[in-house]
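Contents: one structure, followed by commentary.
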Amino acid sequence: DMALGKTLQTICFLAHQLHVSPDAVHIIIAPSSLIYNWQSELLKFAPNISTWVYHGIDRDINALQNAKSQIVITSYGTIRSDIDHLSNKQFGVVVLDESHNIKNPAAQITKAVARLQCASRIALSGTPVMNNTFDLYAQLDFLLPGIFGSREFFKREYADPIDRFSDDGKIEGLRKLTAPFILRRTKSQVAKDLPDKTEIVMWCEMGTAQKALYDSIRDNIRSSLFLNIKSEGLNKSKLAVLQGMLKLRQLCNSPMLLPSEDRTCTDAVKTEMLMDELGNNLKDQKVLVFSQFTSMLDLLAEACREKGIDFFHFDGSTPPAKRAEMVEAFQQESNTTNVFLISLKAGNAGLNLTAASYVFLVDPWWNTAVQQQAIDRTHRIGQTKNIFAYKMICKDTIEEKIIQLQQRKKQLAEDLVSEDEGFVKALTEEDIQFLFS
5 DMALGKTLQT
15 ICFLAHQLHV
25 SPDAVHIIIA
35 PSSLIYNWQS
45 ELLKFAPNIS
55 TWVYHGIDRD
65 INALQNAKSQ
75 IVITSYGTIR
85 SDIDHLSNKQ
95 FGVVVLDESH
105 NIKNPAAQIT
115 KAVARLQCAS
125 RIALSGTPVM
135 NNTFDLYAQL
145 DFLLPGIFGS
155 REFFKREYAD
165 PIDRFSDDGK
175 IEGLRKLTAP
185 FILRRTKSQV
195 AKDLPDKTEI
205 VMWCEMGTAQ
215 KALYDSIRDN
225 IRSSLFLNIK
235 SEGLNKSKLA
245 VLQGMLKLRQ
255 LCNSPMLLPS
265 EDRTCTDAVK
275 TEMLMDELGN
285 NLKDQKVLVF
295 SQFTSMLDLL
305 AEACREKGID
315 FFHFDGSTPP
325 AKRAEMVEAF
335 QQESNTTNVF
345 LISLKAGNAG
355 LNLTAASYVF
365 LVDPWWNTAV
375 QQQAIDRTHR
385 IGQTKNIFAY
395 KMICKDTIEE
405 KIIQLQQRKK
415 QLAEDLVSED
425 EGFVKALTEE
435 DIQFLFS
């Protein structure tokens with residue numbers, strides 16, 4: 005599971021490999037946001053190992069070919085761009101961090117990492133299954149090319165029966181097939197070593213103006229959507245369904261996220277409640293605030309400024325070095341900037357933010373695995389404080405309804421490897437009627 009020591013265990017393994025073969029060169033491939041985290045952890049736990057970050061516009065491919073460093077750290081994007089050169093170099097171990105980045109077998113990055121020459125391969129992920137069972141295929145095929153058959157075979161034999169029919173026999177068969185190649189540690193196995201984690205739904209009741217706007221827009225979406233389903237069919241209307249869900253989610257966050265012509269008020273209950281918590285109840289506590297929408301983080305940043313609340317803020321556009329600088333500062337006990345605004349996509353993996361003991365998920369949604377990754381930025385090995393995670397849900401809205409739909413797939417996901425977001429693609433017309441009611 006997330007936050008249970010994959011990074012440290014990998015560093016120990018690489019240190020052992022270098023003890024056996026000191027001249028080998030190993031490579032770690034990670035999301036760009038985690039490159040400097042790897043560099044920092046290697047410096048902390050294996051200071052005698054020489055490392056080199058190969059990343060950025062100033063990187064030198066010729067220097068890499070002759071590198072004397074024992075471990076090269078790079079990003080998926082860099083590998084994709086430079087694979088024609090890198091495929092000629094022999095590596096000892098290739099490590100993929102957050103390996104679900106190669107879950108699409110047809111993607112250029114998946115094809116690129118497969119071309120790397122090496123003696124051994126390791127894939128690290130707390131959430132190898134993010135959308136559906138087929139997510140596993142490319143990761144397994146990278147580790148052991150061909151052993152799990154063709155894409156078509158894997159989809160026909162395992163992915164479709166599991167995702168579409170919850171076939172217990174296929175789930176057990178896939179578990180047995182993959183068990184020899186998966187080293188897994190779960191939170192339940194080390195629960196005694198971790199402090200308590202309390203997850204709380206923070207119900208947010210819209211004011212009169214925001215609720216009236218929500219009801220009006222929901223009714224318009226529903227009318228248009230079911231006319232579309234009637235004329236085009238359900239499968240051809242899935243994009244319209246997702247667009248309607250997105251608009252209602254944005255409205256739950258703040259009417260300010262809507263186009264100006266749709267906006268009849270600016271009241272935002274989540275912003276009001278969060279600012280009250282940050283400015284009063286938790287003003288002396290370190291807090292992480294996650295949102296999937298960078299535009300919502302911008303609104304929260306402005307609200308913090310108005311309230312005189314100091315904060316750090318990063319999203320996907322923040323340079324990796326700047327992120328590392330903010331994380332290091334936030335972790336310092338002497339630092340008095342207690343609030344960290346983070347985009348869910350940019351900050352849901354790999355970061356160590358154990359200085360915080362409170363987490364707010366401003367807009368939780370169907371992929372509970374991603375939500376858990378966010379919470380586990382602080383609920384991880386090294387944490388000594390109890391953790392309180394608040395999921396902000398607007399009552400009587402699509403946010404509340406989705407909680408009930410999540411339960412349909414939850415057990416299947418737990419039975420296999422991780423959480424399952426795939427039920428969104430399999431919504432029935434009755435599900436859609438429920439969501440937009």
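Residue numbers (the numbering used here): 5 to 441.
No residue lacks a Cβ here, since even glycine has one placed at the ideal position from N, Cα and C.
Treat the numbers as computed from the prediction; the structure is a model and nothing was measured.
With residue i as the anchor, note down where its alpha helix (DSSP H) starts and where it stops.
| i | result |
| --- | --- |
| Asp-64 | Note, Asp-64: premise wrong, no alpha helix (DSSP H); not H, not E. |
| Met-279 | 273 to 280 |
| His-89 | 80 to 90 |
| Ser-227 | 212 to 236 |
| Thr-388 | That residue, Thr-388, is in no alpha helix (DSSP H); it is neither H nor E in DSSP. |
| Val-269 | Before going on, a small fix: residue 269 reads as Cys here, not Val. Looking at the DSSP string, Cys-269 is not in any alpha helix (DSSP H), and its letter there is neither H nor E. |
| Arg-253 | 242 to 257 |
| Ile-39 | 39 to 49 |
| Leu-147 | 139 to 147 |
Where does residue i land, buried or exposed, given buried means 16+ other C-beta within 10 angstroms?
| i | result |
| --- | --- |
| Val-92 | Here residue 92 is Asn; the residue named in the question, Val, does not match the sequence. The residue is exposed, with fewer than 16 neighbouring Cβ atoms inside 10 Å. |
| Ala-417 | Bear in mind that the predicted position of Ala-417 carries a pLDDT of just 46, short of 50, making it unreliable; the figure below should be weighed with that in mind. Classification of Ala-417: buried, given that the 10 Å Cβ count is 16 or more. |
| Ile-105 | Checking the sequence shown, residue 105 turns out to be Asn, not Ile. Classification for Asn-105: buried. |
Given 7 angstroms as the limit, tell me if residue i has its C-beta closer than that to any heavy atom belonging to the ligand GTP.
| i | result |
| --- | --- |
| Leu-348 | No copy of the ligand GTP appears in this structure; indeed no ligand is present at all. |
Does the separation of the CB atoms of residue i and residue j fall below 8 angstroms?
| i | j | result |
| --- | --- | --- |
| Arg-327 | Asn-356 | no |
| Ala-393 | Lys-201 | yes |
| Gly-96 | Ala-71 | no |
| Lys-395 | Leu-365 | yes |
| Thr-322 | Leu-304 | no |
| Leu-46 | Thr-55 | yes |
| Ile-436 | Val-293 | no |
| Gln-408 | Asn-342 | no |
| Val-57 | Gln-74 | no |
| Met-210 | Val-273 | yes |
| Glu-433 | Ile-221 | no |
| Leu-252 | Thr-78 | no |
Taking the alpha carbon of residue i as the point to measure from, which residue in the options has its own alpha carbon closest?
| i | options | result |
| --- | --- | --- |
| Val-98 | Lys-349, Ala-110, Tyr-40 and Leu-148 | Leu-148 |
| Asn-66 | Asp-86, Ile-53 and Asn-105 | Asp-86 |
| Asn-52 | Leu-18, Gln-336 and Ser-347 | Leu-18 |
| Ile-204 | Ile-397, Ile-33, Ile-221 and Phe-185 | Ile-397 |
| Asp-380 | Gly-150, Pro-324 and Tyr-362 | Tyr-362 |
| Asn-284 | Asp-271, Ser-258 and Ile-313 | Ile-313 |
| Ile-32 | Ser-25, Ser-103, Asp-62 and His-20 | Ser-103 |
| His-89 | Arg-63, Arg-189 and Leu-100 | Arg-63 |
| Ser-129 | Asn-232, Lys-215 and Leu-8 | Leu-8 |
| Ser-36 | Ser-441, Phe-438 and Lys-349 | Lys-349 |
| Cys-16 | Ile-113, Glu-329, Asn-41 and Ala-50 | Ala-50 |
| Ala-378 | Ile-406, Phe-316, Ser-295 and Glu-281 | Ser-295 |
| Leu-261 | Ser-299, Leu-286, Ser-235 and Leu-282 | Ser-299 |
| Phe-138 | Leu-286, Ile-126 and Ser-154 | Ser-154 |
Among residues of its own chain, excluding the 5 on either side of residue i, which ones have a beta-carbon nearer than 8 angstroms to its beta-carbon?
| i | result |
| --- | --- |
| Phe-185 | Leu-144, Leu-147 and Leu-148 |
| Gln-214 | Leu-255, Pro-259, Cys-269, Asp-271, Ala-272 and Val-273 |
| Gln-335 | Asn-356, Leu-357, Thr-358 and Ala-359 |
Grab me the residues of residue i's own chain with a C-beta within less than 6 angstroms of its C-beta, minus the 5 sequence neighbours each way, in chain order.
| i | result |
| --- | --- |
| Ala-116 | Ile-83, Arg-84 and Ile-87 |
In the DSSP assignment, find the beta strand (DSSP E) that holds residue i and state where it starts and stops.
| i | result |
| --- | --- |
| Thr-202 | 201 to 208 |
| Ala-123 | 121 to 128 |
| Leu-304 | Unbroken run through Leu-304 is the alpha helix (DSSP H), 298 to 311; no beta strand (DSSP E). |
In chain order, what residues of the same chain lie with their CB nearer than 7 angstroms to the CB of residue i, ignoring the 5 residues before and after it?
| i | result |
| --- | --- |
| Glu-425 | Unreliable placement is indicated for Glu-425, whose pLDDT of 41 sits below 50; no coordinate value is reported for it. |
Using beta carbons (cut-off 8 angstroms, strictly below), is residue i in contact with chain D?
| i | result |
| --- | --- |
| Thr-382 | The structure shown contains no chain D; it holds only a single protein chain. |
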